[in-house]
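For reference, the structure is listed below as structure tokens.
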Amino acid sequence: MVPDLPPHWLHPPDIATARAAQAEMAARILPEDDLPDCIARLGGADVSNTRFDPAKRVHAALVTLDAATDAVLASSGESRKADFPYVPGYLGFREVPALRACWDRLSVRPDIILVDGQGMAHPRGLGLACHLGLVLGVPTIGVAKSRLVGEGEPGPDPGDATPLMWKGRCIGTALRTRRGARPLYVSVGHRVSLATATRLVLAVTRGRRLATPIRAAHDAANAARLQG
DNA sequence: GCGACAG
DNA sequence: ATCTTGTCGC
Numbered sequence: 001m002v003p004d005l006p007p008h009w010l011h012p013p014d015i016a017t018a019r020a021a022q023a024e025m026a027a028r029i030l031p032e033d034d035l036p037d038c039i040a041r042l043g044g045a046d047v048s049n050t051r052f053d054p055a056k057r058v059h060a061a062l063v064t065l066d067a068a069t070d071a072v073l074a075s076s077g078e079s080r081k082a083d084f085p086y087v088p089g090y091l092g093f094r095e096v097p098a099l100r101a102c103w104d105r106l107s108v109r110p111d112i113i114l115v116d117g118q119g120m121a122h123p124r125g126l127g128l129a130c131h132l133g134l135v136l137g138v139p140t141i142g143v144a145k146s147r148l149v150g151e152g153e154p155g156p157d158p159g160d161a162t163p164l165m166w167k168g169r170c171i172g173t174a175l176r177t178r179r180g181a182r183p184l185y186v187s188v189g190h191r192v193s194l195a196t197a198t199r200l201v202l203a204v205t206r207g208r209r210l211a212t213p214i215r216a217a218h219d220a221a222n223a224a225r226l227q228g
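Laid out in structure tokens, this is it:
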């Protein structure tokens with residue numbers, strides 16, 4: 001299980017409290033590599049929603065893949081009612097609680113988790129990936145399919161990358177993973193450097209736009225939704 | 001006031 | 001996020 005945390009880090013009563021919690025958490029993010037010598041297991045995290053769902057449930061999934069073969073080593077899902085609404089900039093408060101439940105039941109733990117969402121490429125430097133990484137105490141990388149804040153357009157070829165700039169600061173990498181496809185926005189989540197994060201994401205692309213662990217997590221989250 | 005706005 | 005088949009292009 002995960003160590004005890006300030007209640008408002010997971011269940012803030014309102015946006016103002018959530019904002020204050022983000023400031024507390026942002027100060028604890030480690031943006032430097034703190035990884036095992038060899039990354040043997042890659043994690044993927046994603047959450048799916050049901051359209052027009054009056055029950056407001058979220059369906060989270062965490063998967064662990066063998067870094068060498070892409071085989072799924074473990075997978076866990078969690079469906080529950082979200083106790084926080086979707087508000088741009090506060091995604092963690094809606095999705096992290098369910099993902100933490102997934103983590104507690106994940107039989108094989110990954111060395112690092114690729115999260116479907118922003119890391120430090122966030123208005124207050126605390127996107128979903130940072131939030132999850134800090135709560136779990138695990139290295140994470142933010143891998144978003146679109147941008148929240150920042151500017152930067154990479155070249156057309158796979159591997160082309162450019163700094164994602166915001167207010168004069170580099171907050172992430174706009175990364176082209178596939179020709180003709182929109183870029184991915186990679187940023188530091190927790191216990192990893194931007195350079196390592198960018199290199200790792202590109203390495204698990206396999207010629208497609210999305211990173212393999214995230215595709216697997218997306219599939220698992222959808223499976224959790226179709227069941228309960 | 002207006003436009004932008006991860007999943 | 002989600003609703004959805006075929007179709008255009010490399």
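full-length UniProt numbering puts the first residue of the first sequence at 1, with every later residue one more than the last.
We put the beta carbon where it would ideally sit given N, CA and C, even for glycine.
Straight-line measurement puts the Cα of residue 111 at about 9 Å from the Cα of residue 64. Residue 22 counts as buried, since at least 16 other C-beta atoms from the protein chains shown sit within 10 angstroms of its C-beta.
About 6 Å separates the beta carbons of residue 139 and residue 34, which is inside the 8 Å limit, making them a contact pair. Here residue 192 is buried: its Cβ has 16 or more other Cβ atoms, across all protein chains shown, within 10 Å. Distance from residue 178 to residue 159 at the Cβ level is roughly 10 Å; contact not present, criterion being Cβ atoms closer than 8 Å. The DSSP-derived three-state label of residue 133 is helix. Here residue 69 carries a coil assignment [DSSP, helix/strand/coil].
With 16 or more neighbouring CB atoms inside 10 Å of its own CB, residue 173 falls in the buried class. Just so you know, the alpha carbons of residue 180 and residue 68 end up roughly 27 Å apart.
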